[in-house]
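Below: the structure, in structure tokens.
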Amino acid sequence: MAKTKLFPALFSLLLHGGAATLPPPRVPAVTVHRCTPPAARLSAGGEKTVTMVVDVEGALLRSSSSRSLFPYFMLVAVEAGSFLRGLLLLLLYPVISLLAGAGGGDVAVRAMAAVAFCGLRESRFRAGRTVLPRWLLDDVGKEAVDAIVTLTRRRSSPAATATVVWASSMPRVMVEPFLREYMAAAEGGGEVVVAAREMKVVWGFYTGVMEDGGEVAAASPEVRRAMEGVDDVVGFSGGSMDLLRSPLVSFCKEVYVVSHEEKSKWRPLPRRREYPRPLVFHDGRLAFLPTPLAAAAMLVWLPFGAALAATRLAVALALPYRHATLLLAATGQSWRLRGSPPPTPTPPPRRATGERRRGQLYVCNHRTLIDPVYVSIALDRPVRAVSYSLSRVSDLLSPIGATVRLARDRAHDGAAMARLLEAGAHVVVCPEGTTCREPYLLRFSPLFAELADGVVPVALAAEAAAFHGTTAGGWKSMDALCYLANPRMCYTVEFLPAVDASPVREGKAASTELANAVQRRVAEALGYESTMLTRKDKYLMLAGNDGVVRRRGDVGAK
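Read in order, the letters of the sequence shown correspond to residues -20 to -1, 1 to 538 in mature numbering (1 follows the signal peptide of the UniProt record, and there is no 0).
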């Protein structure tokens, strides 16, 4: 046993100086039960104040070993850093696996944190809030959430309270946003207490060094407040029993340890329906969880993906749609048409006044910046796209020509789209104003309802195997290229029956009512949920701003 501990101790000494020489904390006498906390135990004593200490990695997530945390550090390395940083972390994985297997789980976490965080600017780090929750929610066990809900809803008097203290071996900046914004709903909206170590910062940059031991986290004021005057403290840990080696165990009367065998039977939370809080927005380029094998495949694919993206782009720009789509489908870029597109109107004879037939307005939900391209392909006719903002690179690469830019001024934007319709153009507009990856529709801006006597709703769905073609906080000029670099992807286009908008133009109905009706039709066709969230809500959460570019130039948020 001493030999197996030697290598982790030496590695920790190399990374963190004398931290490895600290003696392990003394484990006090505590009753340990090797099972999930029974409902009868959690619901008993409804008049008592109870605190549950939950080991996030051991008792909340279905994967609990130090090696299973690798994908989350890889997400930080790639999304907050670069692919080169991700490659460095992947090369370190054999050492990480060896450390974890030799009993140095904490040293393995420190090593991954050092590579993932070193040199990142603290003020710009948002991956803990915008990227990780989407994947952590996928790893949460339903049985763990049920136990927490049973505890927090057991109160039989107003004086009784139930508090959950979340203990994690990962850095605080990685887990705290997820716990506060999503798991707080499972607690009934009560106070969220997180016992996790901080990353050390020098001159505004992360050094890659974590605080030593769990004593600092356990002695934090919020943890002390959660333990004061409490009638009962229950611990909930996993098969690794990390909680029993934490100073937090000194507060517990009983600790329930779920075995690896029992945990292997846990079920994931059904997406959308049983998440403690709906996941509407998230960011990041990766469309998959970067496990070691998946991360290696991604890094090997990158040069081939770049060449494939260039080839696909050249084919789309050089050939007509009917020929290009066949070649692109052979490369893995396919699309499906559901239903039938509206018939091509026969142009009436030009009148003596020179008046031409008005164009058609197509109203789409917004999945990626190339939504209008697929509408044009499905219609087999040119369209004009309107957008609030678009990067110069994406505009130059567009196979349907220049995008008409809107200025977020109602009068100006309405006049611009009206001119296109009067000129007989087929206009594609995405009234959500921004993209949404999850099966939700944002609020539809009602301006489109005032521009034409009839609008054609179009339901769009986009699938990607490796990379998302949208981002809120990354390089937006790479959106199209990232989408085209996928080994396979598919668009689904469905034209819905036209909606009569003449009552709005005649003043008999409100434009907001029509916009909401079109939103509901598109949501029903896709099986999505309608929301009243807006572009501003998305960017406040993902980028810390309102999504409006207030500087010269045309590189904007989309």
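Just so it is clear, CB atoms sit at the ideal spot from N, CA and C, and this is done for glycine as well.
Just so it is clear, the structure is predicted and the values come from calculations on it, not from any experiment.
Practice problem: Let me know the secondary structure DSSP gives aspartate 212 once reduced to three states. | Solution: For the purposes of this step, residue 212 is taken as the residue at position 232 of the sequence shown. If DSSP states are grouped into helix, strand and coil, aspartate 212 belongs with the strands.
Exercise. Would you grab the beta carbon distance between leucine 513 and valine 260 for me? Rounded to a whole angstrom, and I think it's under 8 Å.
Key: Position 533 of the sequence shown, counted from the start, is the residue given in the question as residue 513. Position 280 of the sequence shown, counted from the start, is the residue given in the question as residue 260. Their Cβ separation, rounded to whole angstroms, is 6 Å, which keeps leucine 513 and valine 260 in contact under 8 Å.
Quiz item: Which class does arginine 515 belong to by DSSP, given the choice of helix, strand or coil?
Solution: Here residue 515 is taken as the residue at index 535 of the sequence shown, counted from 1. It is helical.
Practice problem: Using alpha carbons as the reference points, say which of Gly108, Trp246, Met54, Gly394 lies closest to leucine 522. | Solution: Sequence index remark: in the sequence shown, residue 522 carries index 542 (1-based). Residue Gly108 is the option with its Cα nearest to leucine 522.
Quiz item: Going by beta carbon distance, what residues of the same chain come within less than 7 Å of alanine 444, once the five residues before and after it are set aside?
Solution: Within the sequence shown, the letter at position 464 stands for residue 444. Answer for alanine 444: Ala267, Tyr463, Asn466, Met469, listed in chain order.
Exercise. Inspect the CB distances between the region 495 to 513 and the region 302 to 315 and report whether three or more fall short of 8 Å.
Key: The count of Cβ pairs closer than 8 Å, one atom from the region 495 to 513 and one from the region 302 to 315, stays below three, leaving the stretches out of contact.
Quiz item: According to DSSP, is alanine 147 helix, strand or coil?
Solution: In the sequence shown, counting from the first residue as 1, residue 147 sits at position 167. Here alanine 147 sits in strand by DSSP.
Practice problem: Return the CA-CA distance between leucine 400 and aspartate 119, expressed in angstroms with no decimal places. | Solution: For this step, residue 400 is matched to residue 420 along the sequence shown. For this step, residue 119 is matched to residue 139 along the sequence shown. About 48 Å.
Quiz item: Does the distance from the CB of valine 173 to the CB of alanine 164 come in under 8 Å?
Solution: Taking the first residue of the sequence shown as position 1, residue 173 is located at position 193. Taking the first residue of the sequence shown as position 1, residue 164 is located at position 184. No; because the gap between Cβ atoms is not below 8 Å, this pair is not in contact.
Quiz prompt | CB contact flag (leucine 428, valine 408, <8 Å) | solution = Translated into positions along the sequence shown, residue 428 becomes position 448. Translated into positions along the sequence shown, residue 408 becomes position 428. The sequence given here places phenylalanine at residue 428; leucine does not occur at that position. No. Outside cutoff.
Quiz item: Grouping DSSP H, G and I as helix and E and B as strand, with all else coil, what is histidine 240?
Solution: The residue you call residue 240 lines up with position 260 of the sequence shown. Looking at histidine 240 - three-state DSSP - the assignment turns out to be helix.
Quiz item: Which of the three DSSP states, helix, strand or coil, is assigned to histidine 13?
Solution: Within the sequence shown, numbered from 1, the residue matching residue 13 stands at position 33. If DSSP states are grouped into helix, strand and coil, histidine 13 belongs with the strands.
Quiz item: Where do the N-terminal and C-terminal ends of the beta strand (DSSP E) with lysine 245 fall, by residue?
Solution: Here residue 245 corresponds to residue number 265 of the sequence shown, with the count starting at 1. Lysine 245 -> no beta strand (DSSP E), and no H or E assigned at all.
Quiz item: By Cβ distance, which residues of its chain are closer than 7 Å to arginine 114, with the 5 residues on each side in sequence left out?
Solution: As a working mapping, residue 114 is identified with position 134 in the sequence shown. So the list reads Leu259, His262, once near-sequence residues are dropped.
Quiz prompt | 4-residue-minimum alpha helix (DSSP H) runs that sit fully inside the region 65 to 141, ordered along the chain | solution = Qualifying alpha helix (DSSP H) stretches, in chain order: 73 to 81, 85 to 97, 107 to 110, 112 to 119, 122 to 132.
Quiz item: Do you know whose CA, among Leu431, Gly38, Arg247, lies nearest aspartate 126's CA?
Solution: As a first step, residue 126 is located in the sequence shown; it is residue number 146 there, counting from the start. Of the candidates Leu431, Gly38, Arg247, the one whose C-alpha sits nearest the C-alpha of aspartate 126 is Arg247.
Quiz item: How big is the Cα-Cα spacing for proline 4 and glutamate 242?
Solution: Translated into positions along the sequence shown, residue 4 becomes position 24. Translated into positions along the sequence shown, residue 242 becomes position 262. Residue placement at proline 4 is flagged as unreliable, the pLDDT there being 46, under the threshold of 50; the coordinate-derived value follows with that caveat. Proline 4 and glutamate 242: Cα-Cα distance of roughly 28 Å.
Quiz item: In terms of alpha-carbon separation, which member of Leu69, Ala88, Leu71 lies closest to leucine 78?
Solution: Position 98 of the sequence shown holds residue 78. Checked all of Leu69, Ala88, Leu71; the closest Cα to leucine 78 is Ala88.
Quiz item: Buried or exposed: where does leucine 2 fall if 16 or more other Cβ atoms within 10 Å of its Cβ makes it buried?
Solution: Counting from one through the sequence shown, the residue named residue 2 turns up at place 22. Here leucine 2 scores only 40 on pLDDT, less than 50, and its place in the model should not be relied on; the value that follows carries that caveat. It is exposed - the Cβ of leucine 2 has fewer than 16 other Cβ atoms within 10 Å.
Self-check item: For proline 437: DSSP bridge partner residues
Solution: The count along the sequence shown starts at 1 and reaches residue 437 at position 457. According to DSSP, proline 437 bridges with Val343.
Self-check item: Local conformation of threonine 348 per DSSP, three classes
Solution: Taking the first residue of the sequence shown as position 1, residue 348 is located at position 368. Threonine 348 falls in the coil class under three-state DSSP.
Practice problem: Compute the beta-carbon to beta-carbon distance between threonine 31 and valine 213, rounded to the nearest angstrom, for a pair I have assumed lies under 8 Å. | Solution: Translated into the one-based positions of the sequence shown, residue 31 becomes position 51. Translated into the one-based positions of the sequence shown, residue 213 becomes position 233. The pair is a contact, with the Cβ atoms about 5 Å apart (cut-off 8 Å).
Quiz item: Helix or strand or just coil, what does DSSP make of glycine 524?
Solution: For the purposes of this step, residue 524 is identified with residue 544 of the sequence shown, where counting begins at 1. DSSP places glycine 524 in coil when its eight states are reduced to three.
Practice problem: Alpha carbon to alpha carbon, how far is glycine 188 from aspartate 86? Give it in angstroms, no decimals. | Solution: What you label residue 86 is simply residue 106 of the sequence shown in a count that begins at 1. What you label residue 188 is simply residue 208 of the sequence shown in a count that begins at 1. Each residue's alpha carbon lies about 14 Å from the other.
Quiz item: If we cut at 8 Å on Cβ distances, does methionine 54 have a partner in chain B?
Solution: Going by chain labels, chain B is absent from the structure shown, which holds only one protein chain.
Quiz item: In three-state terms, what does DSSP make of cysteine 410?
Solution: The residue labelled residue 410 in the question sits at position 430 within the sequence shown. Cysteine 410 falls in the coil class under three-state DSSP.
Practice problem: With a cut-off of 8 Å on the beta carbons, I'd call proline 352 and alanine 365 a contact; round off their distance for me. | Solution: As a first step, residue 352 must be located in the sequence shown, where it is residue number 372. As a first step, residue 365 must be located in the sequence shown, where it is residue number 385. So it is a contact: roughly 4 Å between Cβ atoms.
Quiz item: DSSP three-state call for tyrosine 368: helix, strand or coil?
Solution: As a first step, residue 368 is located in the sequence shown; it is residue number 388 there, counting from the start. Tyrosine 368 falls in the coil class under three-state DSSP.
Quiz item: Tell me which same chain residues have a C-beta within less than 8 Å of the C-beta of leucine -15, skipping the five on either side of it?
Solution: Stepping through the sequence shown from its first residue, residue -15 is reached at position 6. Bear in mind that the predicted position of leucine -15 carries a pLDDT of just 49, short of 50, making it too unreliable to give a figure here.
Quiz prompt | For alanine 93 and serine 23, the rounded distance between their alpha carbons | solution = Here residue 23 refers to the residue found at position 43 of the sequence shown. Here residue 93 refers to the residue found at position 113 of the sequence shown. Their Cα atoms are separated by approximately 38 Å.
Quiz item: Do you know offhand how far valine 355's Cα is from glutamate 123's?
Solution: Counting from 1 along the sequence shown, the entry for residue 355 is found at position 375. Counting from 1 along the sequence shown, the entry for residue 123 is found at position 143. Their Cα atoms are separated by approximately 44 Å.
Quiz prompt | Where arginine 417 falls, given that 16 or more other Cβ within 10 Å makes a residue buried | solution = As a working mapping, residue 417 is identified with position 437 in the sequence shown. Here arginine 417 is buried: its Cβ has 16 or more other Cβ atoms, across all protein chains shown, within 10 Å.
Quiz item: Using DSSP with H/G/I as helix, E/B as strand and the rest coil, what is tryptophan 281?
Solution: Position 301 of the sequence shown holds residue 281. Helix.
Quiz item: What three-state label does DSSP hand tyrosine 508 in the structure shown?
Solution: As a first step, residue 508 is located in the sequence shown; it is residue number 528 there, counting from the start. Three-state result, tyrosine 508: coil.
Quiz item: Taking DSSP as the reference, what is the three-state secondary structure of lysine 233?
Solution: Position 253 of the sequence shown, counted from the start, is the residue given in the question as residue 233. Lysine 233 falls in the coil class under three-state DSSP.
Quiz prompt | 8 Å Cβ shell around arginine 265 - same chain, five flanking residues per side excluded | solution = Position 285 of the sequence shown, counted from the start, is the residue given in the question as residue 265. Correct list, in chain order: Val58, Glu59, Phe447, His448, Thr451, Gly454, Cys462.
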